[in-house]
Each structure stands twice: as C-alpha cells, then as structure tokens.
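Worksheet: one structure, shown below.
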Ligand code: GLU
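The structure is reproduced here in structure tokens:
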C-alpha cells in the first residue's frame, strides 16, 4: 500500500511539488510599476496563472511599489490592462480585492516594521548609519583598486553600524532622528542550498552575498523584506519568477529562516530568460525597435522620454497568439504540438517541463502563430474587425460586401491590417495604373475592346462570377479575341495593377455598376 501511494505520488506530474499537507496552491505575479511590462513579465504572469489553474489554486496580482524613486505613472494601469488583454484573470489583487489585501505594497507600509524589529531583536539584522556620501567614497576607492565594494561580512565590522557602535551610541543616533537603514546580517561562511523546481539544487555561499538593506528610516521596506513578508502573509505556496531573481533566493531563504517561517515557506521556480532573436543576451526593449517587432504587450508611451514603444495588441496580434507563443518560450509540451489554447495549457502545464536554458525569441514564429489564429477566425468575426479599419480610411461599405471581400482574401493574410493591403482595391477606385502593365499590355486596340466588354457586362443579368465569366467568354469567342491580351488590361482597369484574386470574382464583389464605371474611368485616364 505504501509503495503504491509512493508510485502514484511520482506518477502525477507536478504532484510531488505540492506537499500533501499544504493547502490550496497560491501563486502571485508581483511586478514593480517601474515601466511597461516586458513580454518576459507577461510570460511570468502566464506561467503563474497556468500553474494556479492546473492545481485549482489562486492567482494573485501584487504590486510591489516600495521603491518610490522608480515609480512610473501609468505603469500599474498598464500592467493590469495587459493581463486583462491576455485573459490572465487574477483571483485577488488591486481592484479585485481578496482576503489577503491590500495588494499594493505601498498600502501595506505599516505592516513591515514589526518584522524589521523582529530581525533586529533576534540579531539577524542591524542598523547602519553610513551616509550615502561615505558609501560612495568607499565604492570609488575600491573601484580605483580594481575592486568592488560590498557592505557585508568582510566590511561591516569597520563601518558605522550597530555592530560597531555601542548600544548608547545607537540609541542616541536613533533618538536624534538620524537617517538609518536596516541591513540583513548574512551569516558567515554558510552554504545556502535550495531545491529550485526548475533548476534543481542551487547552492550559494554567504561569502559572496552582501548585507542587503531590508528597511529604511522612512518606514519603507525594500523589495526583499516586503516580498518575503507578503509571500508569507498571503500564504503563497510557489514563487514562480524570472531568472534575474535567482541570486536573491538565498537571501529570501534566509529571511524565511530568520523570521521563523521555514516550515510554511514557498518553493521557488526561476524561469529561464527570453533571449534575443540573434546574438547574445536577454531580449531587450531596444531589440524590438531594431528588428521591428514588439517587446511589450500593449503600446507604451513613455512619460519620461516621450518615446513610443510598439505593443502586440496595437500591432494586430491576437491575445491567443501572444499567449501561445509565450507559453512555448521556456516550456515544452514534450510533443510536436505547437498550437495551444489557454484552456489546454492550463490542463497540461507543468513546471517540470520548463527548461533551464534561455529561449530564443523568433519574431517570424510570432507572426506564424498570429496567422494561425487569424485563419481560425470566421469571416464574420474578421469582417467585424476589419470594419473599423475601413471606417478609418473613410470607406463606407456594407457588411455583406466586407464579408465577401474577407472571404476572398482571408487566406492571404495573417493580420487584420493585411486585409486592407490585400483588398483596398475593392473599396477605392484605382488612383493610378501600373505603368509597366500599360506599356506591355495596353495596345492601340485595347481601349475599344474594353469599351465593348463594358457593354457586354452591362447586359449580364445575374451578376455572379460564373455568369460574368460566361458572358465574357462567349463574347470573346464570338470576336475571336485573345483572352490573354484582354485579361491583363481589364484587371488594370479594376484594381490598378497585377494583383488580386480571380478577375470575375473581383467583378462580382465590385458589383456591375462599379465594374463598368471603373472600365470607363480607366479608358479615360489611360487613353487610347
Ligand atoms: N517585484 C519583483 C519584480 O519586479 C518581483 C520579483 C518576485 O517575483 O519575487 O519582478
């Protein structure tokens, strides 16, 4: 029996990540509102969301805004709108509520002091009074010697802090209202080993870690303390975040230990980086500009620089495509399947299938995904999306015509914007005519022939592709004219160049009057 339970335990993917005694899975996405959400951030949110859904758990949004200096107006709204657009609904968070709020750290300010005090009392933290100028000087001095200054095990014994000052001196400074920070006291030469769900066992020796500031005189905690306290108070079971936070893991592990929360602390999973399409390194916002693809989910107007960054939404990507492509950046299903709906992902996602190494972003593949979802959409839906584009261009057309056009050219497109590129001629009379075609195909007799064809078209009763073609062919045969010689100029009259689907289909969609009128206009403009 025992071994059966054991076997079952390991058979279930991810099951071993969730201890039996633990209650509901609770994960959080904890961005800092310091700018727009990078697509890597959305991927972090997505993996958290999928993990929560897979295990019937809760997905929280927590805004980590303790660093007021880096606060960017509009960033929080941007984050929330991005999640909404992606369909990543959060169960708790700003604007949604929940039993563990508030979900904005700036609104939780009063909560953190007691934990800083607890760490100070238990000797896991100390007051430091060094001024920014003093620390800057130490940094510069070290730099001149080719070294890096670090406030920590090696240096703290020589600096201005409660480890070197007497109790009375510390009291006096605090009473005098001197600025201070509270630093975490890294234990000396200790290996901190943690089993990261994605990376396996990771060990850091405290010798390479500094004494991070965890709390400041103004009553604000720093990221580290606030993050750990909130994860504890919000009963987070799994911390799923980007690789850039891996180096903070030992400090966080030690903070849980120091606060006496080791028993209930979350497990960690650090997601791999998203890499540039070419070359080395992490995908940056500048790569998007350089190579012409968005790095952000939504368009972002940078309030400081006035720069505008592209967004997937505004560039015409469907959220389904964006989610699908993000899911495969770092996670693999273990099969060849590439197309996944978010519902399917939520059923099969597992952190065990997240890879350790970075994933290269491929902008062409992103388009491919969009094309797939574009093709999946019904003509009616695409026509509905196309209508506002047409209106913007000043085009008025019936739904029936738009749908006919979309049905005809859908297959050539992967984005709504491409519908216009592929179909503008259905809605606007050609302004000019391709010079090369004129030179090659517009013979002295062409205008006269086309005039006669215009008359034939006028006689067609049931204006449909097949009937138009039949009338045309009959007439051509009766005249003994060469089909090839007339088709090109006729197309030129209707669309201005050598583009578009079947000519008689174009005639049908344009309607009889418009077709005949375009022939007339072209003859007038091109002449004999
Ligand atoms: N506030 C951190 C960020 O901006 C959160 C890191 C974490 O998830 O612990 O990414």
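Residue numbers (the working numbering): 6 to 533. Think of the CB as a built atom: it goes at the ideal place given N, C-alpha and C, for glycine as much as any other residue.
Hey, which unbroken runs of the beta strand (DSSP E) at 3 residues or more fall wholly within the stretch 267-335?
Note on the stretch 267-335: whole beta strand (DSSP E) runs with a minimum of 3 residues are 272-276, in chain order.
Assuming the contact rule is C-beta atoms closer than 8 Å, residue 278 and residue 56 should be a hit. Round their C-beta distance to whole Å, please.
In the chain shown, residue 278 corresponds to position 273, counting from 1. In the chain shown, residue 56 corresponds to position 51, counting from 1. At roughly 19 Å, the Cβ-Cβ gap does not stay under 8 Å, so residue 278 and residue 56 are not in contact.
When 79, 304, 511 and 282 are compared against residue 434, the one with the closest alpha-carbon
For the purposes of this step, residue 434 is identified with residue 429 of the chain shown, where counting begins at 1. Nearest C-alpha to residue 434: 511.
Per the contact definition of three or more C-beta pairs closer than 8 Å, is the stretch 341-356 in contact with the stretch 438-453?
No, because fewer than three Cβ pairs between the stretch 438-453 and the stretch 341-356 fall closer than 8 Å, the two stretches do not touch.
Should residue 4 be listed as close to ligand 1, given that the test is whether its C-beta is under 6 Å from any heavy atom?
Coverage of the chain is limited to positions 6 through 533, which leaves residue 4 absent and any answer about it impossible.
Taking 7 Å as the limit between beta carbons, can you name the residues of its chain near residue 432, skipping five residues before and five after?
Numbered from its first residue, the chain shown carries residue 432 at position 427. Here the set comprises 395, 400 and 402.
By the three-class DSSP mapping on this structure, what secondary structure does residue 223 have?
Residue 223 sits at position 218 when you count from the first residue of the chain shown. Note: residue 223 maps to coil in three-state DSSP.
For residue 521, does the three-state DSSP call read helix, strand or coil?
Working through the chain shown from its first residue, we reach residue 521 at position 516. If DSSP states are grouped into helix, strand and coil, residue 521 belongs with the helices.
Any heavy atom of ligand 1 closer than 6 Å to the Cβ of residue 35?
Your numbering for residue 35 matches position 30 in the chain shown. Checking every heavy atom of ligand 1 against the Cβ of residue 35, one is found closer than 6 Å.
In DSSP terms, what residue 157 is bridged to
Here residue 157 is taken as the residue at index 152 of the chain shown, counted from 1. Beta-bridge pairing links residue 157 to 215.
For residue 198, write down the residues that DSSP places opposite it in a beta bridge.
Numbered from 1 along the chain shown, position 193 holds the residue referred to as residue 198. The partner list for residue 198 (beta bridge, DSSP) reads 208.
Do residue 306 and residue 300 have their beta-carbon atoms positioned less than 7 Å apart in this structure?
The residue you call residue 300 lines up with position 295 of the chain shown. The residue you call residue 306 lines up with position 301 of the chain shown. Not a contact, by the Cβ cut-off of 7 Å.
Opposing strand residues paired with residue 166 [DSSP bridges]
Numbered from 1 along the chain shown, position 161 holds the residue referred to as residue 166. Partner(s): 133.
Three CB pairs or more closer than 8 Å across the stretch 104-117 and the stretch 209-218
no
Can you tell me whether residue 26 is helix, strand or coil according to DSSP?
Start at 1 with the first residue of the chain shown, and residue 26 comes out as number 21. Because the pLDDT of residue 26 is 46, which lies under 50, any placement of that residue in the model is unreliable, and the number read from its coordinates should be weighed accordingly. Three-state DSSP puts residue 26 in coil, outside helix and strand.
Just tell me which of 519, 486 and 317 has its CA closest to the CA of residue 420.
Position 415 of the chain shown, counting from 1, holds the residue named residue 420. The option with the nearest alpha carbon to residue 420 is 317.
When you compare only the Cα positions, how much space is there between residue 449 and residue 437?
Residue 449 sits at position 444 when you count from the first residue of the chain shown. Residue 437 sits at position 432 when you count from the first residue of the chain shown. Approximately 19 Å, taken between the alpha carbons.
Could you give the residue range of the alpha helix (DSSP H) that holds residue 93?
If you number the chain shown from 1, residue 93 lands on position 88. For residue 93, there is no enclosing alpha helix (DSSP H), since its DSSP letter is neither H nor E.
Helix, strand or coil for residue 439 per DSSP?
Here the question's residue 439 lines up with position 434 in the chain shown. Three-state DSSP puts residue 439 in coil, outside helix and strand.
Would you kindly check if the distance between the Cβ of residue 275 and the Cβ of residue 201 is under 7 Å?
Locating residue 201 in the chain shown gives position 196, counting from the first residue. Locating residue 275 in the chain shown gives position 270, counting from the first residue. Against a cut-off of 7 Å, the Cβ pair of residue 275 and residue 201 comes out as a contact.
Which ranges would you report for the alpha helix (DSSP H) in the stretch 469-493 if only whole runs of at least 4 residues count?
470-484
Would you list, in sequence order, the uninterrupted beta strand (DSSP E) runs of no fewer than 3 residues that lie entirely inside the stretch 22-82?
31-34 and 63-66
State the start and end residues of the unbroken alpha helix (DSSP H) segment that holds residue 461.
Reading the chain shown from its first residue, position 456 is the one you call residue 461. Segment 451-464, the alpha helix (DSSP H) holding residue 461.
Going by DSSP, what residue range makes up the alpha helix (DSSP H) through residue 379?
Position 374 of the chain shown, counting from 1, holds the residue named residue 379. Run containing residue 379: 368-381, per the alpha helix (DSSP H) assignment.
For ligand 1, I want to know if residue 69 counts as a neighbour, meaning its beta carbon is within less than 6 Å of at least one of the ligand's heavy atoms.
Translated into the one-based positions of the chain shown, residue 69 becomes position 64. The answer is yes for residue 69.
Does the pairing of the stretch 178-198 with the stretch 122-136 give three or more beta-carbon distances under 8 Å?
Touching, per the Cβ criterion.
CB-CB length for residue 391 against residue 360, believed under 8 Å
Taking the chain shown and counting its residues from 1, one reaches residue 391 at position 386. Taking the chain shown and counting its residues from 1, one reaches residue 360 at position 355. Going by Cβ atoms, the distance from residue 391 to residue 360 rounds to 39 Å, so no, they are not a contact pair.
Examine ligand 1 and report whether any of its heavy atoms sits within less than 6 Å of the Cβ of residue 53.
Here residue 53 corresponds to residue number 48 of the chain shown, with the count starting at 1. No; taking the cut-off as 6 Å, the Cβ of residue 53 has no heavy atom of ligand 1 nearer than that.
Express the C-alpha separation of residue 163 and residue 113 in angstroms, rounding to a whole number.
What you label residue 113 is simply residue 108 of the chain shown in a count that begins at 1. What you label residue 163 is simply residue 158 of the chain shown in a count that begins at 1. Cα to Cα, residue 113 sits roughly 35 Å from residue 163.
Taking 6 Å as the line, does the beta carbon of residue 232 fall inside it for any heavy atom of ligand 1?
Looking up residue 232 in the chain shown gives position 227. Checking every heavy atom of ligand 1 against the Cβ of residue 232, one is found closer than 6 Å.
Which residue wins for smallest C-alpha separation from residue 40, given the options 358, 49, 83 and 280?
By one-based count along the chain shown, residue 40 stands at place 35. If we check each option's Cα against that of residue 40, 83 comes out closest.
Hey, could you find the ends of the beta strand (DSSP E) residue 189 is sitting in?
Residue mapping note: residue 189 aligns to position 184 of the chain shown, counting from 1. Looking at the DSSP string, the run of the beta strand (DSSP E) that includes residue 189 is 186-189.
Determine the burial state of residue 25: buried for a count of at least 16 other Cβ atoms within 10 Å of its Cβ, exposed for fewer.
As a working mapping, residue 25 is identified with position 20 in the chain shown. With a pLDDT of only 42 at residue 25, under 50, the local geometry of the prediction cannot be trusted, and the value read off the model is given with reservation. When all chains shown are included, residue 25 counts as exposed.
For residue 109, is the beta carbon positioned less than 6 Å from some heavy atom of ligand 1?
Here residue 109 refers to the residue found at position 104 when the chain shown is read from its first residue. With a threshold of 6 Å, the Cβ atom of residue 109 does not count as near ligand 1, since no heavy atom of the ligand is closer than that.
Only counting the same chain, and skipping five residues up and downstream in sequence, which positions put a Cβ closer than 7 Å to that of residue 93?
To locate residue 93, count along the chain shown from 1; it is residue 88. Hits under 7 Å: 50, 51 and 54.
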